[in-house]
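The structure appears right after this line, and notes come after that.
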Ligand code: NOJ
């Protein structure tokens, strides 16, 4: 009743299809009018209520809410003092809670339900870092689309994804949650994910609001330790960290989340420069910013505020619109306004932004439209979604090495040994941030292999070494320590008797993710020793890696003939890996992140700066290098092999000069010179040789993933204009600078052919 009454008061007409982009540009006047009329009848307390978000207990994604608090929370919902809940899951529960907001509160404003739908809801896709290795924007968009379809059927309106933090330090556990180290690739992936979650029509019942997070620089925490301090230049912020956020904003993402870290002494949550000046000012973002979990309250621990009242004042002034789980705004803002310490216009602005998104989602049209048990039953984990998960998973696999061409395997191979702690793992492939995947539900590699091989193949399995994974490990940060070598002997015996050994090793799902930083990024436990033992028994090893971060595997890279990077690939992991191992699918993934040789090289990334004393791989003493290790990574950004080979020839530029308003055309012939049809990711890099601020030695500026048939040559073309060459320069302007550029095209960041051109300002 209340809801209908409210509709009358506010004079609200039902919303109909209007694209996200139109809304972002503020052309949807009808929404603005509705927001205004609603705001005009809201009390200060009700407006502040919209800015308040609590967690339910269906999932725990932060320091757990205190027991016994729920009753108070329900009372606050009924009195209009809660605008959003996170971690309240499924159609039935969200409907029940929505009813309280809609029927019991004075104005009946619906809640917006949020949840971390990071790489699937029930059907699990590869962890985001792994999926990024596909360099396949359609596949990435489809995975986000399916995640949204499932989540929306289970009552969710909003996901806290994509995480678009650029990260260069594999000690940081959350590296698994992003798109890797590169700004350009990260920006493209950010857009694909936003499009996938939000679709074309945010008010449809199978699209959800996305959230670009964590704003900003969370991926740059010192020493890779989660929640740690960040101190970096405006130059790096603008040129490296912000572009994926800007791309998400331009693509119409309707929410942002700020980050736990401080930047140069100012916690992001209280950072006006980021939130008001850049995001809402320069970029014209008209959605809302949610704090991270408790991050308003955490400004006290940072030493940036004395208490939650002061923290609220700083955060709201800085542009944090919604308080996730700090319980700060709801208890402080009214008093702050009444005392004249903050202007009520700030509250109006935050409430307006939140209501705008609720209108865009169509929640005022029908607050229960996402709560549909029948759709939930039909859609969660259905066969079509699982097939898509397998497809994206196989595209995400990176063939790191295939020295003796051990792969692809024949399906009728006689004796296959399948060994290792990850060989029959049904849980680890689901990865961290697995939302509502059922534990132990992934197809294991052993299962995938058995589903694929011929009847005549003998598959010999033993685990050999166990990681002792505790079933409750998602709630602990335990370190794997198992010194039990008792399975080694049997594993060696099996390995010795087989034609080929598939050796599956890696990291547990919960070793990466939030709060899972590590000082050692080698293979955990005794796996390295185990691999060496198996190698003594049989050298024909295909090592399959399952991991959420780059690992240091220098010995393995030198000695093991074939290495397959299989990340944590989700529900269909085992089938997808088998597709690649047996040649059903020719691997096409490329690393979105560099793999270091040793931890001492971290942070390591391909687009580093030259320095005044660059080292060119020699032993010159007074150069920027290590005395005990080369500078180059073990496997570079963009690296990934295929069962076929590609030859790059005829790099051609339409001109050696690029006029200020002209377009440079770059083309290259890529020939498939091997025995199989295969997809290749052709990568275009540039180097701006002289800048008013120094520029990286290489920067990705384009890529194309394409199928090239055996024997075929394809001409691939790229275009560059001055806008592609722009950067945040010494005058704090985003512009290109005239001068010489190198251009590189190739199969990875370190295997390229090159030419030069000059940008001319005429
Ligand atoms: C904290 C994490 O940093 C953030 O990414 C997540 O969305 C929230 N918790 C909610 O679970």
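Residue numbers (our numbering): 6 to 767.
Note that the Cβ used here is the ideal one computed from N, Cα and C, for glycine as well.
Since the structure is predicted, the reported quantities are computational estimates derived from the model, not experimental observations.
*asked:* Could you compute how far the alpha carbon of residue 556 sits from the alpha carbon of residue 564?
replied: C-alpha separation (whole angstroms): 16 Å.
*Separation of residue 612 from residue 423, as counted between CA atoms*: So the alpha carbons of these two residues sit roughly 38 Å apart.
*asked:* If I measure Cβ to Cβ from residue 29 and keep anything under 7 Å in the same chain, skipping five residues before and after, which residues do I get?
replied: With a pLDDT of 44 at residue 29, under the threshold of 50, the modelled position of this residue cannot be trusted; read the value that follows with caution. Excluding sequence neighbours, residue 29 sits near 257, 291.
*Looking at C-alpha atoms only, which residue of 116, 162, 320, 38 is the closest neighbour of residue 296?*
Checking every option, the nearest Cα to that of residue 296 belongs to 320.
_I'd like to confirm something about residue 303: is its beta-carbon nearer than 7 Å to some heavy atom of ligand 1, or not?_
No; taking the cut-off as 7 Å, the Cβ of residue 303 has no heavy atom of ligand 1 nearer than that.
_Judging by CA-CA distance, which residue of 694, 695, 767, 672 is the nearest neighbour of residue 751?_
Looking from the CA of residue 751, the closest CA among 694, 695, 767, 672 belongs to 672.
_Just verifying my parser: in three-state terms, what is the DSSP assignment at residue 606?_
The three-state reading of DSSP puts residue 606 in helix, counting H, G and I together.
*Using CA coordinates, which residue listed in 341, 263, 285 is at the minimum distance from residue 304?*
Among 341, 263, 285, the Cα nearest to that of residue 304 belongs to 263.
_If I measure Cβ to Cβ from residue 279 and keep anything under 7 Å in the same chain, skipping five residues before and after, which residues do I get?_
Cβ neighbours of residue 279 beyond the five flanking positions: 220, 221, 273.
*Looking only at its own chain, which residues have a Cβ that is under 6 Å from the Cβ of residue 700, when we skip the five neighbours before and after it?*
693, listed in sequence order.
*asked:* Can you tell me whether residue 174 sits near ligand 1, meaning its C-beta is under 7 Å from at least one heavy atom of the ligand?
replied: In this structure, the C-beta of residue 174 stays at least 7 Å away from each heavy atom of ligand 1.
*Environment of residue 617 [buried if 16+ CB atoms lie within 10 Å]*: So residue 617 counts as exposed.
*asked:* Please list the terminal residues of the continuous alpha helix (DSSP H) segment that includes residue 693.
replied: That residue, residue 693, is in no alpha helix (DSSP H); its beta strand (DSSP E) goes 683-693.
*For residue 235, which option in 226, 242, 241 has the closest C-alpha, if you only look at C-alpha atoms?*
Closest option to residue 235, Cα to Cα, is 226.
_Inter-residue Cα distance where the pair is residue 428 and residue 100_ = If I take the Cα positions, the gap works out to 41 Å.
*Terminal residues of the continuous beta strand (DSSP E) containing residue 119?*
117-120 is the span of the beta strand (DSSP E), which, as asked, contains residue 119.
_Please tell me whether, using a cut-off of 7 Å, the distance from the CB of residue 298 to the nearest non-hydrogen atom of ligand 1 is below it._
Yes - ligand 1 has a heavy atom lying nearer than 7 Å to the Cβ of residue 298.
*asked:* Restricting to runs no shorter than 4 residues, where is the alpha helix (DSSP H) found entirely within the stretch 270-309?
replied: 303-307, all fully within the stretch 270-309.
*Locate the beta strand (DSSP E) running through residue 677, then write down its first and last residues.*
Membership of residue 677 in the beta strand (DSSP E) is indicated by the continuous run 669-677.
*Classify residue 298 as buried or exposed, calling it buried when 16 or more other Cβ atoms lie within 10 Å of its own Cβ.*
Classification of residue 298: buried, given that the 10 Å Cβ count is 16 or more.
*What do you reckon, are the CB atoms on residue 160 and residue 95 nearer than 8 Å?*
The Cβ-Cβ distance between residue 160 and residue 95 falls below 8 Å.
_Inter-stretch contact at 8 Å, needing at least 3 Cβ pairs: the stretch 543-559 / the stretch 385-398_ = When C-beta atoms of the stretch 543-559 are compared with those of the stretch 385-398, fewer than three pairs fall below 8 Å, so the two segments do not count as touching.
*asked:* Rounded to the nearest angstrom, what separates residue 400 and residue 766 at their Cα positions?
replied: Their backbone Cα atoms lie some 42 Å apart in a straight line.
*For the stretch 667-685 against the stretch 100-119, are there 3 or more C-beta pairs whose distance is under 8 Å?*
With a cut-off of 8 Å, the stretch 100-119 and the stretch 667-685 do not count as touching, because too few Cβ pairs lie within range.
*Figure out for me which residue from 138, 38, 430, 50 has the closest Cα to the Cα of residue 405.*
Nearest option by C-alpha distance: 138.
*From the DSSP output, which residues share a beta bridge with residue 760?*
DSSP, once it has assigned bridges, lists 748 as partnering residue 760.
*Candidates 334, 666, 252, of which the one nearest residue 727 by Cα*: Among 334, 666, 252, the Cα nearest to that of residue 727 belongs to 666.
_Taking the straight line between their C-alpha atoms, what separation do you get for residue 65 and residue 548?_
Straight-line Cα distance between these residues: approximately 35 Å.
*DSSP three-state assignment for residue 339, whether helix, strand or coil*: DSSP places residue 339 in helix when its eight states are reduced to three.
*Among 451, 479, 443, 325, nearest to residue 467 - alpha-carbon criterion*: Comparing Cα-Cα distances from residue 467 to each of 451, 479, 443, 325, the minimum goes to 451.
*Have a look at residue 606 and residue 433 and give me their C-alpha separation to the nearest angstrom.*
One C-alpha to the other measures close to 27 Å.
*asked:* Give me the DSSP bridge partner(s) of residue 721.
replied: 673.
*Take residue 289 as the anchor and find which of 238, 594, 520, 358 has the nearest alpha-carbon.*
Nearest of 238, 594, 520, 358 to residue 289, Cα basis: 358.
*So who's on the other strand from residue 59, going by DSSP bridges?*
Paired residues: 90.
*Would you say the beta carbon of residue 126 comes nearer than 7 Å to a heavy atom of ligand 3?*
With respect to ligand 3, the structure shown offers nothing to examine, as its ligands consist of ligand 1.
*Give the DSSP bridge partners of residue 420, in chain order.*
Per DSSP, 463.
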